[in-house]
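So the structure is just underneath, and the comments pick up after that.
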Ligand SMILES: Cc1cc2nc3c(=O)[nH]c(=O)nc-3n(C[C@H](O)[C@H](O)[C@H](O)COP(=O)(O)OP(=O)(O)OC[C@H]3O[C@@H](n4cnc5c(N)ncnc54)[C@H](O)[C@@H]3O)c2cc1C
Ligand SMILES: Cc1cc2nc3c(=O)[nH]c(=O)nc-3n(C[C@H](O)[C@H](O)[C@H](O)COP(=O)(O)OP(=O)(O)OC[C@H]3O[C@@H](n4cnc5c(N)ncnc54)[C@H](O)[C@@H]3O)c2cc1C
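Chains as they are written, first to last, in our numbering: chain A, 9 to 269; chain B, 11 to 395.
What follows is the structure in structure tokens.
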């Protein structure tokens, strides 16, 4: 089977986030960007399915040229090849434009399965997978925490409030996977070296057959108009007990006010 | 891929792995005197411990330069490569002198981690530095060798499947040179322990699994002899240059760790209203230790490059080991001094690394023996022993 996994390069979530005040965009420093940890679950899921059924794992990303590093990481884990959609005209793409670009490439690949994370660790819209399924006209199975393929059917388990739901669809299909699906493997250094020799196919807009107006800032249906950092404030309040246990009441009253109890 | 790119990728990959094993991990292992099994497994899974195994046997096919970078980064991260470095430095004996059959039997399994070869029995109670005096004997009987005797400070026996063992196969009074008549065996510890081999752990001042080992008519199949009978001492010596370079790299890793910690602490700790590092009495010793460390680092790369080009490198390998062990010990001392009382507190890890790096003044070879090598073999002065 052929599986396409969409993967995004994101600013390292362990480092403080930087925002460009003029464009409201995240500052993306290639040296401090990594394969989105959320996408490692998709890569791991695809690798396990292909180990079981045979086939090929193709990782697809849209991003600046440095996103090749994220693709190499996925290939070091074991993915067979990579496609990087990169073009100046794609800068400023919103989720819809991103989905259009990814769909154009994935359509050409004709995979049996497309695997995405639920949401990217930087922008968190969670909209790309749904749009991608729509553009590719694929059934969409979301929040999978377990997946199995038999013949031409895919079965996923997903958690809903108080129950587990089992969904089944015909291939080809699109999945989004949660962090409980499988522990992503660490690439071995052999894998790292092998990934250097695996191909990354770079695609520009022209080769995708997309109009410049359909993607990038020009094709964005939404615009980020403000981005304010959340400030963490530490507040302390001293409660002094007068010897009668009065502090207990005061603390309980406080916890009720902030709705902790 | 250029060499520098490979080295950069390698450093980055080892660092990333080591981040999964922070200070607390090593501190807890140290306090419990426990083997860092999870770490060694991760190093194996990442194929780092198979660095020197040729690609055709499933390894990375690297040289000693790359292997030394791996061990350096482990120690530089605050960890201790002593738990697993012997997999690399015993490798040369098997690689260069083992038969094709032995290599095909063992190397692929060592590369995947199915087998561990990280025990190395040379030192004996009555023959420390004077290796040719060893008393452990191996006597051929049919298709087996029967081994009797005793080793001491044999490390990692409890966490290894195979051991390389040096034993005398021809009595000293029947050989022309005292270095002849010694042979090297590959002992399968899984079969040997309890069947002619006993292991008694030795507690030491740092967390290092080491043992006294006793052989009482241990039978080893004759096909486990490595190379030719009687030539074992030469095979062991042959592997020593790699060992010296790899240990030098660990010392260098330790040294950078001590200097990083000292620099940071000296810049942050405020006494008398200013950072202690503003005082030259604190700053200069750190700078001095750094200078010595960088010089040792250059000698290590020189030795490693010569080794990997197949050139003689005994002098450079020995000098690198001495310079690096001295530099890391100097840096360790400076780190304790810079940290004041906190240097002695376990949660700062300085005292742990201080204990760990002290070993390298003595083992695997003591500083004096290196000086006697330089005096005799490099400078041509009279033999002292
Ligand atoms: C607050 C905010 C700030 C933004 N800042 C920037 C910025 O600084 N620079 C900029 O260029 N854009 C920026 N964007 C746009 C954003 O990166 C795109 O909307 C993004 O490509 C898709 O949205 P998402 O990251 O939320 O994806 P989600 O829908 O959350 O992603 C889900 C999954 O879809 C797949 N996927 C998503 N994007 C890609 C991709 N590009 N390639 C491959 N797979 C993908 C992955 O599998 C991912 O895990 C910003 C958006 C917002 C809301
Ligand atoms: C933690 C640890 C782990 C070890 N692991 C292993 C292992 O896995 N396998 C193994 O085979 N061995 C191992 N060793 C042994 C180590 O290699 C020896 O301790 C070392 O070679 C020194 O031998 P010795 O202890 O017998 O010292 P001795 O030979 O007794 O020497 C004592 C001191 O006298 C000095 N000295 C001796 N002769 C001379 C001379 N002619 N001129 C000047 N000075 C001299 C030495 O430099 C040393 O400082 C380990 C040791 C330790 C402490």
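For every residue, glycine included, the Cβ atom is placed at its ideal position computed from N, Cα and C.
Just so we're clear, the structure is a prediction, and the values are computed from it rather than from any experiment.
Check                                                                                                                                                                                            : Outcome
Note down, in chain order, every chain B residue with its Cβ under 7 Å from the Cβ of residue 198 of chain A.                                                                                    : 57, 70
Mark residue 253 of chain B as exposed unless 16 or more other C-beta atoms lie within 10 angstroms of its C-beta, in which case mark it buried.                                                 : buried
Pick from B/280, B/249, B/191: whose alpha carbon is nearest that of residue 240 of chain B?                                                                                                     : B/191
Just reading off the alpha helix (DSSP H) that residue 259 of chain A is part of, what are its end residues?                                                                                     : 254-265
Name the chain A residues whose beta carbon is nearer than 8 Å to that of residue 183 of chain B?                                                                                                : Per Cβ cutoff of 8 Å: no residues; residue 183 of chain B is ~50 Å from chain A at best.
Label residue 217 of chain B either buried or exposed according to how many other C-beta atoms from any shown protein chain fall within 10 Å of its C-beta, with 16 as the threshold for buried. : buried
Residues in the same chain with beta-carbon distance under 8 Å from residue 204 of chain A, minus the five sequence neighbours each way, listed in chain order, please.                          : 80
Check whether the Cβ atoms of residue 220 of chain B and residue 163 of chain B lie closer than 8 Å to each other.                                                                               : yes
Tell me whether residue 43 of chain B, by its Cβ, gets closer than 7 Å to a heavy atom of ligand 2.                                                                                              : no
Could you tell me which chain A residues have their CB closer than 8 Å to the CB of residue 137 of chain B, listed as they occur along the chain?                                                : Those within 8 Å of residue 137 of chain B in chain A number zero; the least Cβ separation is about 39 Å.
Contact criterion: CB-CB distance below 8 Å. Does residue 20 of chain B meet it with respect to chain A?                                                                                         : yes
In whole angstroms, what separates the C-alpha of residue 15 of chain A from that of residue 229 of chain A?                                                                                     : 22 Å
Answer yes or no: the CB of residue 130 of chain B versus the heavy atoms of ligand 2, is any distance below 7 Å?                                                                                : yes
Compute the Euclidean distance between the alpha carbons of residue 356 of chain B and residue 36 of chain B, then round it to the nearest angstrom.                                             : 11 Å
Of the residues B/245, B/298, B/334, B/38, which one's Cα is nearest the Cα of residue 106 of chain B?                                                                                           : B/245
Beta-carbon within less than 8 Å of residue 125 of chain B's beta-carbon, same chain only, minus the 5 sequence neighbours each way: which residues are those?                                   : 116, 119, 171, 172
Would residue 252 of chain B pass as an interface residue toward chain A - the criterion being a Cβ-Cβ separation below 8 Å?                                                                     : no
Could you check whether the Cβ of residue 385 of chain B sits closer than 7 Å to any heavy atom belonging to ligand 2?                                                                           : no
Give the range of the alpha helix (DSSP H) segment to which residue 329 of chain B is assigned.                                                                                                  : 324-348
Residues of the stretch 191-222 of chain A with a CB closer than 7 Å to any CB of chain B: list them in chain order, please.                                                                     : 194, 196, 197, 198, 200, 204
Taking the beta carbon of residue 172 of chain A as the centre, do at least 16 other beta carbons fall within 10 Å, making it buried, or is it exposed?                                          : exposed
Residue 209 of chain A to residue 51 of chain A, Cα distance in whole Å?                                                                                                                         : 18 Å
Take the Cβ of residue 132 of chain A as the centre, count every other Cβ of all protein chains shown within 10 Å, and call the residue buried at 16 or more, exposed below.                     : exposed
Show which residues of chain A have a CB atom less than 9 Å away from the CB atom of residue 129 of chain B.                                                                                     : Per Cβ cutoff of 9 Å: no residues; residue 129 of chain B is ~24 Å from chain A at best.
Is there contact here, the stretch 39-48 of chain A with the stretch 61-81 of chain A, by at least three beta-carbon pairs under 8 Å?                                                            : yes
For residue 23 of chain B and chain A, any beta-carbon pair shorter than 8 Å?                                                                                                                    : yes
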